[in-house]
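Here is the structure we will look at, set down as structure tokens.
Number of protein chains: 2
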Amino acid sequence: MSSPAAPASTSSAAPSRSARDRILDAFEDLLAEQSERAATLEAVAARAGVSKGGLLYHFASKDALVDGVLERFAADLAQDIEHMRAAPDGPVAYFLRTSIPSDNRLERVIVAIARLAQASDARASDALADAQRQWLSELEAVVGDRMVARTIMLIGDGMYYNTALLPAANTVLRDETDLQELIGLVERLSARD
Amino acid sequence: MSSPAAPASTSSAAPSRSARDRILDAFEDLLAEQSERAATLEAVAARAGVSKGGLLYHFASKDALVDGVLERFAADLAQDIEHMRAAPDGPVAYFLRTSIPSDNRLERVIVAIARLAQASDARASDALADAQRQWLSELEAVVGDRMVARTIMLIGDGMYYNTALLPAANTVLRDETDLQELIGLVERLSARD
DNA sequence: GTCTATACGATGATAGAC
DNA sequence: GTCTATCATCGTATAGAC
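Going line by line, the protein sequences match chains G and C.
When we follow full-length UniProt numbering, the leftmost residue of the first sequence carries the number 1, and every step to the right adds one.
When we follow full-length UniProt numbering, the leftmost residue of the second sequence carries the number 1, and every step to the right adds one.
Rendered as structure tokens:
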């Protein structure tokens with residue numbers, strides 16, 4: 001709480017990204033691309049182009065760094081829920097489409113937070129659980145059936161699990177064709193009498 | 001490679017479980033119940049009831065410990081595939097049923113290995129990818145359709161993901177009723193004309 | 001605001017006694 | 001086979017210069 005005021009904490013691209021944002025970016029990158037262990041203060045500082053001391057000016061501790069990531073995630077998530085609601089092909093297709101491995105910001109943050117969760121960070125686990133609740137709630141609103149909604153969410157979870165844990169080569173869904181086929185399958189689930 | 005000969009490396013319950021097995025159990029427990037970071041040599045030794053030096057007699061390094069876990073996993077997995085084939089209600093139901101959070105040996109090892117995979121251990125990632133290939137192969141053999149098989153596997157993956165990452169309270173499927181309903185849903189997927 | 005230097009604890013691993 | 005030192009390394013955090 002003694003860190004300097006954040007520039008509204010949004011992830012808008014400032015002309016020259018603030019040191020604060022660069023540090024959070026670096027932390028997320030190291031978490032997502034490598035591991036929780038690799039994301040040491042020194043490594044984060046180096047990647048962000050500041051010294052360890054410089055980093056610790058902006059974030060007084062590693063915990064503060066985690067809080068920073070979690071704050072940005074909350075904003076990203078809110079935006080994603082908006083997009084989900086407004087998606088032209090509907091929330092279900094949107095959800096599945098965005099669960100597929102790609103390299104957008106949201107996916108990177110989620111993988112980063114998943115790494116923190118596995119490293120016993122209760123805040124990270126809670127944030128993931130909360131995100132899941134929000135997605136599930138949207139899905140339930142459109143598909144009607146509770147179990148079908150849960151099944152769709154499990155499929156999305158499975159895709160993230162694979163992204164986060166397995167060698168990149170091991171992708172279950174590869175292209176747009178696979179995705180369309182999956183969406184077709186899932187819609188059949190919803191088509192209950 | 002300089003560690004003493006393993007007693008056939010199977011997980012059979014010796015009259016008094018060998019020190020070697022107790023150490024591997026302790027390592028898996030700490031990984032699965034806590035985190036990769038919590039599974040230090042000292043913590044593993046304490047849980048297994050030996051000293052750090054005693055542990056290092058059986059496993060010359062932490063890497064050797066990982067190898068030990070991976071070896072036992074290979075055996076457990078082979079057994080699971082057998083059970084899957086012989087399951088009275090069929091491989092699909094078996095797969096979904098055993099993907100649900102419980103506390104059997106196999107699940108514990110998988111969560112343990114998932115933690116190692118997230119900690120950048122390539123051997124662990126490879127082992128998980130290999131297990132997935134084996135399960136998928138069994139599923140494809142019975143459901144016929146490639147994408148349906150993959151979808152079923154993603155559902156199973158999603159359940160594991162939730163077990164490994166989220167607070168225990170956040171279970172998507174709670175009881176036998178949920179499971180039956182899910183199996184029903186999935187069977188509808190397979191029922192293609 | 002950012003840097004260097006340093007204290008301090010924890011962890012993986014070695015050496016050698018019993 | 002198992003134990004008790006002991007060591008080197010690394011990671012977090014503090015203090016204080018610029």
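Note that beta-carbon positions come from the ideal geometry of N, C-alpha and C, so glycine has one too.
All values reported here derive from a predicted model rather than from experimental measurement.
Spatial neighbours of residue i within its chain, please: C-beta separation below 8 Å, excluding the five flanking residues on both sides.
i, result
"Q134(G)", "L77, I81"
"L182(G)", "L96, I155, L173"
"R17(G)", "D25"
"I100(C)", "M159, L173, L179"
"residue 194(G)", "Any property of residue 194(G) remains undetermined from this structure, which presents chain G solely from 1 to 193."
"D193(C)", "With a pLDDT of 46 at D193(C), under the threshold of 50, the modelled position of this residue cannot be trusted; read the value that follows with caution. Counting only Cβ-Cβ distances below 8 Å, and skipping sequence neighbours, we find nothing."
"N170(G)", "N162"
"Y94(C)", "H83, M84, A87"
"K62(C)", "L41"
Which residues in the same chain have their Cβ closer than 7 Å to the Cβ of residue i, if we skip the five residues on either side of it in sequence?
i, result
"A131(G)", "L77"
"R146(C)", "E140"
"D121(C)", "V66"
"F27(G)", "A39, V44, L65, V69"
"S9(G)", "Caution is warranted here: a pLDDT of 40 is assigned to S9(G), below 50, making its placement in the model unreliable, and the coordinate value is therefore given only provisionally. Excluding positions up to five away in sequence, the list reads E71, R72, A75."
On the DSSP letters alone, give me the boundaries of the alpha helix (DSSP H) that residue i sits inside.
i, result
"T151(G)", "146-165"
"T177(C)", "176-190"
"D130(G)", "122-143"
"I100(G)", "Element bounds for I100(G): n/a, residue is neither H nor E."
"A114(G)", "105-118"
Leaving out five residues on either side along the sequence, give the residues of the same chain with a beta carbon under 6 Å from the beta carbon of residue i.
i, result
"A32(G)", "R108, V111, A112"
"A124(C)", "I113, L116, A117"
"D29(G)", "none"
"E138(G)", "M84, P91"
"Y57(C)", "none"
"T98(C)", "none"
Taking 9 Å as the cut-off, decide whether the C-beta atoms of residue i and residue j are in contact.
i, j, result
"A141(C)", "P91(C)", "yes"
"V50(C)", "A19(C)", "yes"
"A48(G)", "R22(G)", "yes"
"G144(C)", "S190(C)", "yes"
"L136(G)", "R150(G)", "yes"
"P167(G)", "A74(C)", "no"
"V148(G)", "L55(C)", "no"
"A119(G)", "E36(C)", "yes"
"F59(C)", "G53(C)", "no"
"R188(G)", "R188(C)", "yes"
Could you tell me if the beta carbon of residue i falls within a distance shorter than 8 Å of some heavy atom in the ligand FAD?
i, result
"L154(G)", "As presented, the structure is devoid of all ligands, the ligand FAD included, so that no description of it is given."
Inset, instruction - Check whether the stretch 149-157 of chain G touches the stretch 149-163 of chain C, counting contact only when three or more Cβ pairs, one atom from each stretch, lie closer than 8 Å. - result: Touching, yes.
Inset, instruction - At 3 residues or longer, and completely inside the stretch 16-72 of chain G: list those beta strand (DSSP E) runs for me, N to C. - result: Segments of the beta strand (DSSP E) lying fully in the stretch 16-72 of chain G: there are none.
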